[in-house]
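J.:
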Amino acid sequence: MGKMEVSETFKQRRSIRKYSDKKVPMNLIHDILEEAKLAPSAGNTQNWRFIVVTDIEKKKDIAKASLNQNWMTTSPVYLVVCNDTPRLVELYEKNGKFFSIQNCAAITSFILLSATGKGLGSCWVGVFDYKKIQKILGLPDDIFPDAVITLGFSDEPKSSKHLREDVENLTYFNSWKNKKYIEEKVSLKDKLKKAIKK
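Here the numbering used here is used: the first residue of the sequence shown is 1, the next is one more, and so on.
Next comes the structure, spelled out in structure tokens:
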């Protein structure tokens, strides 16, 4: 698949929960991470770390630790986004943990979009027993798994439309629940003229 336009990538992205057994080349994973690392992070700290999981038994254990979501094991690759929290706490103290989670969420989104642009299916899994995953992957106590991303070639039928709320129902102006947007129809120059006449 050739390069996809950014807007098309957004439209094509889906949460895929069934994958073909086609192998994902490691150079493709590398390319996804190369693109995703351009995600923003607080103070450019880049506190994310990645563990590529292809071991069948570890994938089963991670799926079990993710509330027994056994569909995950159809994916040939998991990308676990790990959070090097101490770096952020050192810089931002009490806000550090919050910023570190935001950073990992940003790069997770970038990974999903990059994977879509390269013809891969993906799904962001965010519910799991983090202590169990720390143990499975041999993570230190202060390095936390923030997301498990399943990656592979989709074996689901293509869906034509996202089920999403209309943006008009989600957006307010200048304050909570304010739906009124007053468009400025008078130029600043005309306003000044009016003020001078007064």
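All C-beta atoms in this analysis are idealised placements derived from N, C-alpha and C, irrespective of residue type, glycine included.
1) For Asp129, which of Val52, Lys64 and Ser20 has the nearest alpha-carbon?
2) Identify every residue that forms a DSSP beta bridge with Ile111.
3) Could you name each continuous alpha helix (DSSP H) segment of 4 residues or more that falls completely within the segment 18 to 91, going from the start of the chain to the end?
4) Cys104: which of Asn70, Leu38, Thr73 and Met26 sits nearest, CA to CA?
5) Among Lys179, Thr54 and Leu163, which has the Cα closest to the Cα of Asn169?
6) Would the beta-carbon of Gln46 fall within 8 Å of that of Thr116?
7) Could you compute how far the alpha carbon of Arg14 sits from the alpha carbon of Gln102?
8) Measure the C-alpha to C-alpha separation of Gly119 and Phe153 and round it to an integer number of angstroms.
9) Does DSSP put Thr9 in a helix, a strand or coil?
10) Between the segment 106 to 115 and the segment 52 to 67, do at least 3 Cβ pairs fall closer than 8 Å?
11) Can you tell which of Lys132, Tyr172 and Ile143 has the C-alpha that lies nearest to the C-alpha of Leu67?
12) Quick check on the burial criterion: 16 or more other C-beta atoms within 10 angstroms. Buried or exposed for Leu151?
13) On the DSSP bridge list, what partners appear for Val127?
14) For the candidate residues Thr54, Glu8, Arg17 and Glu5, whose alpha-carbon lies nearest to that of Val125?
15) Out of Lys135, Phe110, Glu90 and Gly121, which one is the CA nearest neighbour of Ser75?
16) Could you tell me which residues DSSP puts in a beta bridge with Pro145?
17) Going along the chain, which residues of its own chain have a beta-carbon closer than 6 Å to the beta-carbon of Ala36, five neighbours each way excluded?
18) With distances taken Cα to Cα, identify the nearest neighbour of Thr85 among Trp48, Lys158 and Pro40.
T.: To lay it out plainly:
1) Minimum Cα-Cα distance from Asp129 among the listed residues Val52, Lys64 and Ser20 corresponds to Lys64.
2) According to DSSP, Ile111 bridges with nothing at all.
3) Runs of the alpha helix (DSSP H) inside the segment 18 to 91: 26 to 36 and 56 to 65.
4) Distances from the CA of Cys104 to each of Asn70, Leu38, Thr73 and Met26 were compared; the closest alpha carbon is that of Leu38.
5) Proximity to Asn169 across Lys179, Thr54 and Leu163 peaks at Lys179, based on C-alpha coordinates.
6) No. Outside cutoff.
7) Counting only the Cα atoms, Gln102 lies some 21 Å from Arg14.
8) Answer to the nearest angstrom: the Cα atoms are 7 Å apart.
9) In the three-state scheme derived from DSSP, where H, G and I count as helix and E and B as strand, Thr9 is classed as helix.
10) No, the segment 106 to 115 is not in contact with the segment 52 to 67.
11) The shortest C-alpha separation from Leu67 is found at Lys132.
12) Looking at its Cβ environment, which holds 16 or more other Cβ atoms inside 10 Å, Leu151 is buried.
13) When DSSP reads this structure, Val127 sits in no beta bridge, so it has no partner.
14) Val125 has its Cα closest to that of Arg17, out of Thr54, Glu8, Arg17 and Glu5.
15) Here the closest residue by C-alpha is Gly121.
16) Cys82, per the DSSP bridge assignment.
17) Excluding sequence neighbours, Ala36 sits near Ile107, Phe110, Ile111 and Ser114.
18) Among Trp48, Lys158 and Pro40, the Cα nearest to that of Thr85 belongs to Trp48.
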